[in-house]
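Below: one structure, written as structure tokens.
Residue numbers (this note's numbering), protein chains in the order written: chain D, 1 to 479; chain Y, 480 to 888.
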């Protein structure tokens with residue numbers, strides 16, 4: 001005999017289960033009007049977010065809550081940074097608003113410290129939800145530094161460790177809160193503008209995690225609040241409780257920087273592979289005419305990739321294209337040039353930005369420096385970034401992850417060995433931005449290592465055009 | 480599970496019905512090709528996942544549709560067993576040590592690239608160059624192929640088609656299952672997937688309606704689609720099964736229906752897994768089934784023994800009885816053998832039997848164990864539906880009680 005579920009309790013009780021606020025043992029007519037009967041549970045149910053309301057109603061009726069215990073968090077805040085006036089005021093207003101609502105502060109104004117103060121003030125277990133894996137890593141590090149690593153877990157991808165303070169992505173938040181929602185009375189959402197009413201497709205469904213979470217206390221953080229498109233946001237988190245504009249903040253200054261591009265030659269063997277692949281790809285492009293069609297470039301490219309699934313000739317051309325990219329990405333001379341640049345700045349900490357995991361792994365092996373990629377567990381990233389901060393490690397190789405949302409103020413040397421966007425100016429600017437946190441009079445240096453006589457020349461021109469706008473008023477030599 | 484691109488290339492929606500272009504061995508060339516892929520992968524035992532995947536990708540030159548090959552390769556690789564290479568668990572520590580050594584000997588100069596690895600390599604019993612080469616062999620792509628399923632190209636074909644169907648369920652909001660047997664594993668899979676169900680009697684069988692717990696309150700009700708897909712391989716091991724799903728694709732609702740059977744019909748596209756025979760849980764069950772089949776009189780009286788484990792819905796809970804006895808006149812009774820118990824097991828079972836009310840359920844209990852507290856608990860149930868036995872269940876005793884309690888359902 002196999003028991004599938006336990007019979008519902010006959011006496012009235014409430015519980016949170018699988019994203020639902022559940023009321024057992026009460027007739028539909030006697031239950032709150034916003035609940036509905038669920039034949040699967042033989043009980044009245046509502047979305048998990050209404051659990052606090054159900055609990056308040058149950059107290060008035062003398063109904064007990066099953067397995068409902070306080071989840072307090074009382075570890076001391078180890079972060080010794082003195083909060084600024086804006087941070088303190090933001091937390092005070094949020095507390096006064098019933099511990100629900102959004103605090104809007106400009107970039108660089110220290111939104112994370114607002115969250116740390118909120119955790120300390122409420123003394124509750126918290127789930128921090130962020131848009132990207134890179135930000136999981138950053139929040140993990142900051143929470144671990146502030147409260148101790150033993151209290152902090154990360155829940156995303158293959159890493160699923162639930163602790164008193166758990167950081168997750170909007171993508172994984174649903175799975176975490178559906179199962180462990182009752183453990184987190186406080187939810188902190190970073191970059192809440194991602195939950196604006198205008199969000200579409202999968203992004204629109206990010207709000208689902210907040211719909212099923214039973215947390216009564218909710219804090220939103222952002223620099224760019226979606227005014228006028230915030231109905232969803234207000235319903236899920238509460239209204240804006242505090243806001244400061246960038247003109248009101250005076251202490252977010254940037255370091256000066258220098259840019260330099262260095263060209264390297266492919267080896268004869270690499271050049272031969274590159275030329276063969278280029279010929280094969282170009283001859284197919286000429287014959288098929290896909291590139292001269294009147295469509296937009298990306299539409300034509302998508303059609304080419306789709307045709308590669310069904311047409312052997314197109315498939316061979318696509319393989320040639322990928323081979324050409326690989327030759328450039330893995331060019332031998334780039335490793336030598338990177339080592340040469342590192343020797344030019346022996347006292348600087350540096351980041352080597354790579355275009356793919358394969359090349360980042362090769363750089364890591366040759367130079368014996370750590371690698372951070374999307375698959376590096378948050379705890380390992382935390383250890384690497386901590387070692388960078390205390391100076392034990394002098395350089396780190398990265399693939400996309402460190403392009404945005406991390407903080408190693410001492411790193412002032414960046415070496416770009418390739419990109420994942422074929423000359424995307426935004427990625428390049430973000431990479432530069434990682435080096436610009438002001439540290440005294442230190443000047444940041446960003447080197448680009450480019451394979452001469454290849455498509456990468458044009459990609460680097462595109463990158464440079466974007467960065468030149470940022471470089472106005474800066475040193476900007478070499479481009 | 481196949482990627483959306485690997486599935487969507489073979490899906491068409493006609494009106495409100497979604498159809499999948501399953502792969503069939505129409506010209507007799509597909510199965511030999513799949514056999515060849517299996518032989519190729521078997522030859523690569525001990526090689527890394529990256530190597531095996533690349534070897535399969537290179538077969539693109541033999542096929543017209545690369546999406547099919549990519550899907551088949553993925554289905555095959557997920558069927559194989561991979562494991563971390565020996566010593567991989569020590570690599571994170573070795574890396575950390577090597578990086579720290581390099582941090583103390585900064586910057587790198589020509590000729591010292593192996594220096595940071597020397598100490599860690601010695602402790603691992605390898606040379607520095609080898610450690611440098613295998614530094615990231617704890618990554619997923621470096622796992623080595625341990626075993627390949629001992630199956631034919633036809634089984635791989637059925638598996639690939641099943642994976643296509645699983646991919647379709649990614650967009651499901653509600654799924655209805657019908658099966659002949661195999662319910663125990665299905666319920667286990669439903670529970671593990673975090674889904675909720677309703678059980679609806681349909682003639683002699685039951686339909687299981689699966690839904691996501693909080694689907695009614697979500698912006699994206701297809702959020703549970705991947706979980707429905709997890710149940711399908713378990714269902715596909717039943718001797719016969721059917722799935723009817725309600726999908727939402729691009730904001731439009733459509734239906735998807737799939738039936739499977741253990742043996743594929745020649746020339747059609749087989750969809751399914753390896754059928755699993757339900758085993759007996761105890762010697763009592765095996766003995767009772769053997770006794771029933773050996774006796775001619777029970778069959779002559781019109782009774783048939785079924786091992787289908789049809790679920791029995793009882794007051795919001797579900798029983799999966801050991802046997803169902805069905806009479807030709809439409810009456811039936813469930814039989815549950817209770818040979819050994821712990822106090823908790825017995826208490827739970829008695830609660831369920833009580834919840835069953837007047838459902839046609841017969842309990843066969845070992846008398847030797849019914850002493851003390853156990854006897855008191857069983858006494859609460861009354862004696863009309865309990866068959867006491869000494870060494871093993873006696874068929875005649877059981878059938879007498881079955882005759883009394885059985886009724887038309």
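Glycine included, every Cβ here is placed at the ideal spot set by N, Cα and C. As the structure is a prediction and not an experimental result, all values here were calculated from the model.
Within-7 angstroms CB hit, residue i to chain D
| i | result |
| --- | --- |
| residue 680 of chain Y | no |
| residue 546 of chain Y | yes |
| residue 635 of chain Y | no |
| residue 614 of chain Y | yes |
| residue 632 of chain Y | no |
| residue 891 of chain Y | In the structure displayed, chain Y extends from 480 to 888; residue 891 of chain Y sits before or after that span and is not available. |
| residue 763 of chain Y | no |
| residue 741 of chain Y | Residue confidence is low: residue 741 of chain Y scores 49 on pLDDT, short of 50, so the model does not pin down where it sits. No coordinate-derived value is stated. |
Within-7 angstroms CB hit, residue i to chain Y
| i | result |
| --- | --- |
| residue 372 of chain D | no |
| residue 54 of chain D | no |
| residue 212 of chain D | yes |
| residue 149 of chain D | no |
| residue 329 of chain D | no |
| residue 250 of chain D | Reliability fails at residue 250 of chain D, whose pLDDT of 45 lies under 50, so the model's placement of it is uncertain and the value that follows must be treated cautiously. By this cut-off, residue 250 of chain D is not an interface position. |
| residue 346 of chain D | yes |
| residue 309 of chain D | yes |
| residue 157 of chain D | no |
| residue 392 of chain D | yes |
| residue 23 of chain D | no |
| residue 476 of chain D | Low confidence applies here, because residue 476 of chain D scores a pLDDT of 40, under 50, leaving its location unreliable; read the following figure in that light. Cβ-Cβ to chain Y under 7 angstroms: no for residue 476 of chain D. |
| residue 207 of chain D | yes |
| residue 398 of chain D | no |
C-alpha distance - residue i paired with residue j, whole-angstrom precision
| i | j | result |
| --- | --- | --- |
| residue 76 of chain D | residue 85 of chain D | 21 angstroms |
| residue 709 of chain Y | residue 240 of chain D | 41 angstroms |
| residue 785 of chain Y | residue 715 of chain Y | 20 angstroms |
| residue 167 of chain D | residue 129 of chain D | 6 angstroms |
| residue 309 of chain D | residue 545 of chain Y | 5 angstroms |
| residue 869 of chain Y | residue 811 of chain Y | 25 angstroms |
| residue 184 of chain D | residue 163 of chain D | 10 angstroms |
| residue 278 of chain D | residue 320 of chain D | 7 angstroms |
| residue 692 of chain Y | residue 675 of chain Y | 6 angstroms |
| residue 704 of chain Y | residue 486 of chain Y | 14 angstroms |
| residue 567 of chain Y | residue 690 of chain Y | 41 angstroms |
| residue 188 of chain D | residue 82 of chain D | 21 angstroms |
heavy atom of the ligand GTP below 6 angstroms from residue i C-beta
| i | result |
| --- | --- |
| residue 658 of chain Y | In the structure shown, the ligand GTP is absent, as is every other ligand, since no ligand is present at all. |
Residue environment, residue i, which counts as buried when at least 16 other CB atoms sit within 10 Å
| i | result |
| --- | --- |
| residue 720 of chain Y | buried |
| residue 395 of chain D | buried |
| residue 562 of chain Y | exposed |
| residue 608 of chain Y | exposed |
| residue 751 of chain Y | buried |
| residue 388 of chain D | buried |
| residue 586 of chain Y | buried |
| residue 355 of chain D | buried |
| residue 445 of chain D | buried |
| residue 880 of chain Y | buried |
| residue 883 of chain Y | exposed |
> Would you call the region 370-377 of chain D and the region 98-117 of chain D in contact, with 3 or more CB pairs under 8 angstroms?
Replying inline: no
> Quick one: any contact between the region 579-594 of chain Y and the region 485-501 of chain Y, if contact means 3 or more CB pairs under 8 angstroms?
Replying inline: no
>> Within 8 angstroms, do at least three Cβ pairs link the region 627-645 of chain Y to the region 673-683 of chain Y?
In response: no
> Using 8 angstroms as the Cβ pair cut-off and three pairs as the minimum, do the region 302-322 of chain D and the region 340-359 of chain D touch?
Replying inline: no
> Can you list the alpha helix (DSSP H) stretches of 4 or more residues lying completely in the region 587-665 of chain Y, in chain order?
Replying inline: 597-603, 607-612, 632-648
>> Closer than 8 angstroms is the cut-off here; do at least three beta carbon pairs connect the region 111-129 of chain D with the region 263-282 of chain D?
In response: no
> Quick check: the region 654-672 of chain Y against the region 18-35 of chain D, are there 3 or more CB pairs under 8 angstroms?
Replying inline: no
> What residues in the region 357-371 of chain D have a beta carbon less than 8 angstroms from any beta carbon of chain B?
Replying inline: Absence of chain B from the displayed structure is noted, the protein chains being D and Y.
> At what residue ranges does the region 717-743 of chain Y contain a whole run of the beta strand (DSSP E), taking only runs of 3 or more?
Replying inline: 719-728, 731-740
>> Under 8 angstroms: do the region 771-786 of chain Y and the region 799-814 of chain Y share three or more Cβ pairs, one atom per stretch?
In response: yes
> Any chance the region 624-638 of chain Y sits against the region 452-461 of chain D, with 3 or more Cβ pairs inside 8 angstroms?
Replying inline: no
> Should the region 694-710 of chain Y be called in touch with the region 204-215 of chain D, which here means at least 3 C-beta pairs below 8 angstroms?
Replying inline: yes
> Are the region 647-666 of chain Y and the region 721-735 of chain Y touching, with three or more C-beta to C-beta distances below 8 angstroms?
Replying inline: yes
>> Count Cβ pairs between the region 175-195 of chain D and the region 206-223 of chain D that sit closer than 8 angstroms; are there 3 or more?
In response: yes
> Would you say the region 762-769 of chain Y touches the region 529-537 of chain Y, given that touching needs at least three Cβ pairs under 8 angstroms?
Replying inline: no
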